[in-house]
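Trainee: Dumping the structure here so I can ask a few things about it.
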Amino acid sequence: MLPKATLPILAAAGFAFGIYSVINGNKLVPVAPAVVEPARAPFQSFIAGSGIIESKNRNVVIGSALPGIVKMLNVKVGDRVKAGAVLFTVDDRDAQANLTMKRADLALSKAAVEEATASLADVEVLRKLAESVTDRRAISAEELERRRNAVLIAKARLDSAKARVLQAQSQVEATETTLERLNVRAPMDGEVLQVNIRPGEFAMAGAVSTPLLVMGNLDQLHVRVDIDENDAWRFRPNGKAVAYLRGNREFSTPLTLAYVEPFVVPKRSLTGDSTERVDMRVLQALYQFDRSRLHAYVGQQVDVFIEAPGYDALTSPPPAFRVLDGKQVP
Numbered sequence: 397m398l399p400k401a402t403l404p405i406l407a408a409a410g411f412a413f414g415i416y417s418v419i420n421g422n423k424l425v426p427v428a429p430a431v432v433e434p435a436r437a438p439f440q441s442f443i444a445g446s447g448i449i450e451s452k453n454r455n456v457v458i459g460s461a462l463p464g465i466v467k468m469l470n471v472k473v474g475d476r477v478k479a480g481a482v483l484f485t486v487d488d489r490d491a492q493a494n495l496t497m498k499r500a501d502l503a504l505s506k507a508a509v510e511e512a513t514a515s516l517a518d519v520e521v522l523r524k525l526a527e528s529v530t531d532r533r534a535i536s537a538e539e540l541e542r543r544r545n546a547v548l549i550a551k552a553r554l555d556s557a558k559a560r561v562l563q564a565q566s567q568v569e570a571t572e573t574t575l576e577r578l579n580v581r582a583p584m585d586g587e588v589l590q591v592n593i594r595p596g597e598f599a600m601a602g603a604v605s606t607p608l609l610v611m612g613n614l615d616q617l618h619v620r621v622d623i624d625e626n627d628a629w630r631f632r633p634n635g636k637a638v639a640y641l642r643g644n645r646e647f648s649t650p651l652t653l654a655y656v657e658p659f660v661v662p663k664r665s666l667t668g669d670s671t672e673r674v675d676m677r678v679l680q681a682l683y684q685f686d687r688s689r690l691h692a693y694v695g696q697q698v699d700v701f702i703e704a705p706g707y708d709a710l711t712s713p714p715p716a717f718r719v720l721d722g723k724q725v726p
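Dropping the structure here:
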């Protein structure tokens, strides 16, 4: 049997433990320090936007006009190529066999032209002989007309044979065009940024989810900045802009406006922030920068701050602008 003082002691101990738990539970949990300090705007009044680095003429997705097995891959990532250089070749054996057949048809059509030419010359001789007879009793009018009609028929056959030559020639050219289309060429001078196809793999024609090959001109990089449509009215083309590299805010560079795409589009470049809206529209401004001041890669995201007047300082709408030869013109 438990002593009489046991229950009061247990009750007091439980009460004391409850008070201790409440006091300790109300203490503020220390916030874990950020792994990387976020970038800070260098301007008192500014527009903030996320930017993505791309090549000067945008990143060009290379596709294949015709589907087929990749026969040969002539480039690798990092190669600099000239416009017109063959990037990869799709299997062309079927087209080569078809070309041989079309060339044989062309040769046959040309032979038919020679035959029709000789036939026309033969009936022309017979017609001239008939017309040279002065005594009409030696040759009937019916025979003379028949020989004249034979000349007309021979001329028609010659014209038909020449038309078949043109048709055969066009078929040869069409097959040669198909062969040329199987050689995927670089549309511009640039550098190969990504290769997602290998010899022996099937290359789909048209738009694909994963591009077969990506090219770009890295002589000058651009930063495509998404400006929230709610801040678009504050944007000024002559405002200063600075980009900070994500992961280390010590790496930054001033930006120079290249041009603005004056067409507001749905936002596509997502930053991964849990509070980010995906149903918004953005104005896209493209800036250029000195690559020696910021070592960055195509496709990398940066934090961009653009100097803009405050809400109270704005008394007039932004100036109108247009793009002329790649330059901003008021």
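According to the working numbering, the sequence shown is numbered sequentially starting from 397. Each residue gets a CB set at the ideal place from its N, CA and C atoms; glycine is no exception.
Confirm, please, whether the CB-CB distance from L617 to F685 is below 8 Å.
Mentor: yes
Trainee: Decide if the stretch 465 to 476 is in contact with the stretch 591 to 601; the criterion is three or more beta carbon pairs, one per stretch, under 8 Å apart.
Mentor: yes
Trainee: Short of 7 Å in beta carbon distance, which residues of its chain neighbour G410, apart from the five on each side in sequence? Order them along the chain.
Mentor: none
Trainee: Taking only the alpha-carbon atoms, compute the straight-line gap between T513 and D490 and give it to the nearest angstrom.
Mentor: Computed Cα separation, rounded: 35 Å.
Trainee: Would the beta-carbon of G612 fall within 8 Å of that of V456?
Mentor: yes
Trainee: Which first and last residues belong to the beta strand (DSSP E) in which L749 is found?
Mentor: Residue coverage of the chain in this structure runs from 397 to 726, which leaves residue 749 outside it and unanswerable.
Trainee: State the CB to CB distance for the pair V509 and K551, rounded to an integer number of angstroms; the pair is presumed to be in contact (CB under 8 Å).
Mentor: K551 and V509 do not touch by the CB rule: their CB atoms are close to 12 Å apart, not below 8 Å.
Trainee: Identify every residue that forms a DSSP beta bridge with Q697.
Mentor: I448
Trainee: Tell me, to the nearest whole angstrom, how far the beta carbon of P633 is from that of L653; I am working on the premise that it is less than 8 Å.
Mentor: Confirmed, Cβ separation roughly 6 Å.
Trainee: Can you name, in chain order, every residue of its own chain whose Cβ lies under 6 Å from the Cβ of A692, other than the five neighbours on each side?
Mentor: I449
Trainee: When the Cα of V661 is compared with those of A493, R642 and V621, which residue comes out closest?
Mentor: Checked all of A493, R642 and V621; the closest Cα to V661 is V621.
Trainee: Assuming the contact rule is C-beta atoms closer than 8 Å, A704 and S441 should be a hit. Round their C-beta distance to whole Å, please.
Mentor: 6 Å
Trainee: Say yes only if the C-beta of A550 is nearer than 7 Å to one or more non-hydrogen atoms of the ligand FAD, and no if none qualify.
Mentor: Absent from the structure shown: the ligand FAD. Ligands present: none.
Trainee: What are the start and end residues of each continuous alpha helix (DSSP H) run of 4 or more residues lying completely inside the stretch 535 to 589, in chain order?
Mentor: 537 to 577
Trainee: If you reduce the DSSP assignment to three classes, tell me which class A508 lands in.
Mentor: helix
Trainee: Hey, quick one: how far does the beta strand (DSSP E) through F484 stretch, first residue to last?
Mentor: Counted as a single uninterrupted DSSP element, the beta strand (DSSP E) harbouring F484 occupies residues V482 to V486.
Trainee: What residue from A407, P583, L525 and D487 has the CA that sits closest to K478's CA?
Mentor: P583
Trainee: Per DSSP, which residues does D622 bridge with? Please list them.
Mentor: Partner(s): Q680.
Trainee: Does the Cβ-Cβ distance between F647 and F439 come in under 8 Å?
Mentor: Their beta carbons are not under 8 Å apart, which means F647 does not touch F439 by this criterion.
Trainee: Name, in chain order, the residues that DSSP records as bridge partners for E597.
Mentor: Per DSSP, none; premise fails for E597.
Trainee: Based on DSSP bridge pairs, tell me the residues matched to E520.
Mentor: When DSSP reads this structure, E520 sits in no beta bridge, so it has no partner.
Trainee: Restricting to Cα atoms, I'd like to know which of F413, T402 and R454 is closest to Y683.
Mentor: R454
Trainee: Restricting to Cα atoms, I'd like to know which of R499, A500 and R544 is closest to L516.
Mentor: R544
Trainee: Can you give me the Cβ contacts of V719 inside the same chain, cut-off strictly under 6 Å, excluding the 5 residues immediately before and after it?
Mentor: Residue placement at V719 is flagged as unreliable, the pLDDT there being 49, under the threshold of 50; the coordinate-derived value follows with that caveat. Only Y655 meet the Cβ criterion.
Trainee: Here's a check: name, in chain order, each residue in its chain whose Cβ is nearer than 8 Å to the Cβ of I465, leaving out the five neighbours to either side.
Mentor: V486, D487, G596, E597, F598 and A599
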